[in-house]
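Protein chains in written order, with this note's numbering: chain A, 8 to 400; chain B, 564 to 875. Using N, Cα and C, we set each Cβ at its ideal position, and we do this for glycine too.
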């Protein structure tokens, strides 16, 4: 039985963590994720969880301690944002290649230059090739639900990879919205206990982790790691089905909004999808066949599934809340278009960079963009293939 | 805690660093690890940590490991933080009743991973009070990458980033005193040692470090035949010269109290240490004698400072 409440995205993650009751949490404060380790520290201080908090002196040490703890056999989480994630960079790769199912609450914020604390996906998008699974939330409800499913996915024997639960800084992490929470009993049964097959503190066998591996072995290890990523797609869907039995809320790799007959489609990630849905609703009233795809799982990337969903569209705008400085678009754009090309999608596609450093995105902005897609259908995309939304003139 | 040293019994213990690893002949790193691990009481288990370096790439080359205990290597600069995570996990799993055995936590890093790139991670782990030992095997340069200077490199050493040349006498700075920095963390135990005689000093300090509750730091001078340029059999003579010249004093800091473990009857001039190694060869040219005098003056100042701290 779901319980109605209202809270921010960070509070929702705090509640999920209380229910999961992880063994260890090393973390270092950074806006806008700071509240999460604070909530956990409070829960520890009040005896609500059995978690050990490690107040490390940096994010590099947070990820390093997380690796040590998870390798030792303890279920381990951490939380960070922006520059904190960047400082973890080196160890993200080590954790993933060591097949350690650490779960991170990533509250998305732009990377510095200039210093800015607001929502952007450049932090986790920069880490997209580190071997971590990435699941993004549109709102507090999804952040909560994703967190509760995280360990089941990451720890699955077919996967064994670390996972980032991403939500937009401030817009989701700090704004208070309605939410449905689940009861402790069924959630604890669903999440289950962490029973790793091999770990450092196994009294029955020793284990060595983190070898120097030369070329005869390294390539096979990396290929095996990719297999875990590929396998994750099915595991994510299976876990979502099981979670739906408790919550009534089921999730796919992405969400299709009014896509049945959609000709003009926006593909996006995160909180902006709520705004886009409103724009789609208004356009539909005007008789415009607008639709939207919200990418929820970015790693593994649902390439074929996404291309199939876009196969009947006329014009697609892929929305990036991150620059990649390639000079031709952002990361979601590059991956979506590659998927469309490989699957012989005939739709015209453009890449739109929006909402950097927390720049507001309105229903009006989005509606204008849909109208542009109609014009592209008639006149072609030339000169508009890669553009910025809401840039001051 | 008793510290009885029975050479025969200790050397008769099973090795926890198995033979067959790929460290160089005459390398101090392997000797340090093997002897520190000998100080684990039989029956106690351990998780051994390791910063990236010669030791790591030579003892855990996939698919072989030289460690009889569980072992974790993460990266270059985070051995302290990594083992702090392992130790925390142990406390949790023990509390949950998932573990009943007694585990000890010992991590090894070279001076690069400890004095320099890993100093922050080490400082954090020590300050947080984890029950673990950080052992620095100090060979005074980045040996794994080819003898670049570190902050542990002695003054005037010829390294590949401080080469002695026509207008350079080698590294311009004296070495960082890491043991003192660790002592300033007010942790329960800090020890500095090297390979002397039958390894009693090293054994006693390793045992104290491992079996003192809370964080402990052990600094072991571990010569490197490639970087220091000596013939392998000279290793023990070099260590003796380091101690007799007071270049590498043997001391410990127990609960904040500084204790000098060895005071040479006749303190030898620093030349006795410098002349044993090719990295100081340039100092013995007649025109460079003043550099040796400067080295001696700085060493004397630091030795006096240590005597004062130890009330010796």
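Practice task
Name the residue from B:585, B:624, B:635 and B:815 whose alpha carbon lies nearest to the alpha carbon of residue 222 (chain A).
Solution key: B:624
Practice task
With DSSP collapsed to three states, give me the class of residue 611 (chain B).
Solution key: strand
Problem - Environment of residue 832 (chain B) [buried if 16+ CB atoms lie within 10 Å] - result: exposed
Problem - Residue interval of the alpha helix (DSSP H) (run including residue 197 (chain A)) - result: 191-198
Problem - Reference residue 82 (chain A), options A:353, A:165, A:18 and A:31, closest by Cα - result: A:31
Handout entry: Per-residue contacts from residue 671 (chain B) into chain A (C-beta, under 9 Å)
Key = Within 9 Å Cβ-Cβ: nothing; residue 671 (chain B) doesn't reach chain A, min ~13 Å.
Practice task
Report whether the distance from the Cβ of residue 652 (chain B) to the nearest heavy atom of the ligand GDP is below 8 Å.
Solution key: With respect to small molecules bound, the structure shown includes none, and the ligand GDP cannot be examined in it.
Practice task
Entirely within the segment 327-378 of chain A and at least 4 residues each: give me those alpha helix (DSSP H) ranges in chain order.
Solution key: 338-349
Practice task
Check the Cβ-Cβ distances between residue 325 (chain A) and every residue of chain B, and say whether any is below 9 Å.
Solution key: no
Problem - residue 121 (chain A) at chain B interface by Cβ criterion, 9 Å - result: no
Handout entry: Residues of its chain near residue 184 (chain A), where Cβ-Cβ distance is below 7 Å and the 5 sequence neighbours each way are ignored
Key = 13, 146 and 147
Exercise for the section: Confirm, please, whether the CB-CB distance from residue 671 (chain B) to residue 613 (chain B) is below 9 Å. Expected result: yes
Practice task
Could you tell me which of B:576, B:725, B:573 and B:589 sits nearest to residue 794 (chain B), measuring between CA atoms?
Solution key: B:589
Handout entry: Interfacial residues, the segment 204-217 of chain A to chain B, with Cβ spacing under 9 Å
Key = 206, 207, 208, 209, 210, 212, 213, 214, 215, 216 and 217
Exercise for the section: Give the straight-line distance between the Cα atoms of residue 359 (chain A) and residue 243 (chain A), rounded to the nearest whole angstrom. Expected result: 28 Å
Exercise for the section: Check each residue of the segment 69-89 of chain A: if its Cβ is closer than 7 Å to any Cβ of chain B, include it; give the result in chain order. Expected result: 71, 72, 73, 74, 75, 76, 78, 79, 80 and 81
Exercise for the section: Output the boundary residues of the beta strand (DSSP E) element that contains residue 170 (chain A). Expected result: 170-175
Exercise for the section: Give me the Cβ distance between residue 368 (chain A) and residue 397 (chain A), rounded to the nearest whole Å; I'm assuming they're in contact under 8 Å. Expected result: 7 Å
Handout entry: Where residue 587 (chain B) falls: helix, strand or coil (DSSP)
Key = coil
Handout entry: chain B contact residues for residue 224 (chain A), given Cβ-Cβ distances below 9 Å
Key = 625 and 626
Problem - 7 Å CB neighbourhood of residue 388 (chain A) in its chain, flanking five on each side removed - result: 355 and 357
Exercise for the section: Return the residues of the segment 639-652 of chain B that lie within a Cβ-Cβ distance of less than 7 Å from chain A, sorted by chain order. Expected result: 641, 644, 645, 646, 647, 648, 649, 651 and 652
Handout entry: Residues of its chain near residue 119 (chain A), where Cβ-Cβ distance is below 6 Å and the 5 sequence neighbours each way are ignored
Key = 90
Practice task
Tell me whether residue 650 (chain B) sits in a helix, a strand or coil according to DSSP, three-state version.
Solution key: helix
Handout entry: Member of B:576, B:617, B:628 and B:601 whose CA lies at the smallest distance from the CA of residue 787 (chain B)
Key = B:617
Handout entry: Inter-stretch contact (C-beta, 8 Å, three-pair minimum) for the segment 638-646 of chain B and the segment 678-691 of chain B
Key = yes
Exercise for the section: Scan the segment 673-701 of chain B for residues whose Cβ lies nearer than 9 Å to a Cβ of chain A and list them as they occur along the chain. Expected result: 683, 684, 686, 687, 688, 690, 691 and 693
Practice task
Please decide whether residue 62 (chain A) counts as near chain B, where near means a Cβ-Cβ distance under 9 Å.
Solution key: yes
Exercise for the section: Indicate whether at least one CB of chain A lies closer than 9 Å to the CB of residue 776 (chain B). Expected result: no
Practice task
Provide the residue(s) that pair with residue 701 (chain B) in DSSP beta bridges, ordered along the chain.
Solution key: B:784
Handout entry: Range of the contiguous beta strand (DSSP E) that encloses residue 271 (chain A)
Key = 271-275
Practice task
Name the two residues that bound the continuous alpha helix (DSSP H) containing residue 622 (chain B).
Solution key: 617-622
Exercise for the section: Determine the direct distance from the alpha carbon of residue 101 (chain A) to that of residue 657 (chain B), and round the result to whole angstroms. Expected result: 26 Å
Exercise for the section: At 7 Å on the CB atoms, spell out the chain A contacts of residue 666 (chain B), in chain order. Expected result: 208
Problem - residue 158 (chain A) at chain B interface by Cβ criterion, 9 Å - result: no
Problem - Nearest-angstrom Cα separation, counted from residue 326 (chain A) out to residue 380 (chain A) - result: 13 Å
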